[in-house]
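**Student:** For the sequence shown, UniProt numbering assigns the number 1 to the initial residue and increments by one for each residue that follows.
Quick reminder that beta carbons are idealized off the backbone N, C-alpha and C, glycines included.
The following block contains the structure, expressed as structure tokens.
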Amino acid sequence: MIGTDLHNAKDENGIFYVRELYQRALDKGGFVTFHFTKPQPNGENTIAEKTAYSYLIPNADDLWISTGVYKDTLEPYIDRSLEELLSFFSKSFFKTVLFSIIFILIIIPFIFIFYRNLIVGVQGIDANITSFF
1 MIGTDLHNAK
11 DENGIFYVRE
21 LYQRALDKGG
31 FVTFHFTKPQ
41 PNGENTIAEK
51 TAYSYLIPNA
61 DDLWISTGVY
71 KDTLEPYIDR
81 SLEELLSFFS
91 KSFFKTVLFS
101 IIFILIIIPF
111 IFIFYRNLIV
121 GVQGIDANIT
131 SFF
């Protein structure tokens, strides 16, 4: 592909990916998803979904750069990271609920004792004031 003009190149869905990447570069950078030839370890090529990012190089007279990654290359990493993240949140949620229940079970008796003593004290003051007058 070296030396090949890809301005009119489009993927199997009709996306002019080079034009789109150039437009994103002009718009201060952005992503484009398209289908592109992916070399395989056995030497064959397949068509795979690719997401690329392009950015205009400052002060370089309309030059831009782009890089991309194939979706199927990232999927195993994303799946593993997602599992780890869900496991972390699940454990955190369980710990938070458990802590909240324990806290409530401990604090409620203290609140009950505090207000009971407060009410008994106020009733004692009320009885003394009533008997005084």
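1. Please state if the CB of SER54 and the CB of VAL69 are separated by a distance shorter than 9 Å.
2. Counting only the same chain and skipping the five closest in sequence on each side, list residues whose C-beta sits under 6 Å from that of ASN45.
3. Taking the continuous beta strand (DSSP E) assigned at LYS50, which residues delimit it?
4. Taking the beta carbon of VAL18 as the centre, do at least 16 other beta carbons fall within 10 Å, making it buried, or is it exposed?
5. For the alpha helix (DSSP H) that contains PRO109, what are its first and last residues?
6. In angstroms with no decimal places, state the Cα-to-Cα distance between LEU86 and ASP126.
7. Buried or exposed: which applies to ARG24, given that a residue is buried once 16 or more other Cβ atoms fall within 10 Å of its Cβ?
8. So is the beta-carbon of ILE129 under 8 Å away from any non-hydrogen atom of the ligand NAD?
9. Can you give me the C-alpha to C-alpha distance between PHE88 and ARG116, rounded to a whole angstrom?
10. Is it buried or exposed, GLU20, if we count other Cβ atoms within 10 angstroms and call 16 or more buried?
11. Measuring only the C-alpha atoms, how far is HIS35 from GLU83?
**Tutor:** Walking through what the data contain:
1. Along the sequence shown, one-based indexing puts residue 69 at 69. Along the sequence shown, one-based indexing puts residue 54 at 54. Contact: no.
2. Position 45 of the sequence shown, counted from the first residue, corresponds to residue 45. Scanning its chain for C-beta atoms nearer than 6 Å, with the 5 sequence neighbours on each side dropped, one finds around ASN45 the residues THR37, PRO39, in chain order.
3. Stepping through the sequence shown from its first residue, residue 50 is reached at position 50. Counting along the chain, the beta strand (DSSP E) containing LYS50 begins and ends at 45-56.
4. Within the sequence shown, the letter at position 18 stands for residue 18. Counting every other CB atom within 10 Å of its CB across the protein chains shown gives VAL18 a total of 16 or more, marking it as buried.
5. The residue labelled residue 109 in the question sits at position 109 within the sequence shown. Secondary structure note for PRO109: its alpha helix (DSSP H) is the uninterrupted segment 71-132.
6. Working through the sequence shown from its first residue, we reach residue 86 at position 86. Working through the sequence shown from its first residue, we reach residue 126 at position 126. Each residue's alpha carbon lies about 58 Å from the other.
7. Stepping through the sequence shown from its first residue, residue 24 is reached at position 24. It counts as buried.
8. In terms of ligand content, the structure shown is empty, and the ligand NAD therefore cannot be addressed.
9. One-based indexing of the sequence shown puts residue 88 at position 88. One-based indexing of the sequence shown puts residue 116 at position 116. C-alpha separation (whole angstroms): 42 Å.
10. If you number the sequence shown from 1, residue 20 lands on position 20. Buried: at least 16 other Cβ atoms inside 10 Å.
11. Walking along the sequence shown from the start, residue 35 turns up at place 35. Walking along the sequence shown from the start, residue 83 turns up at place 83. Cα to Cα, HIS35 sits roughly 27 Å from GLU83.
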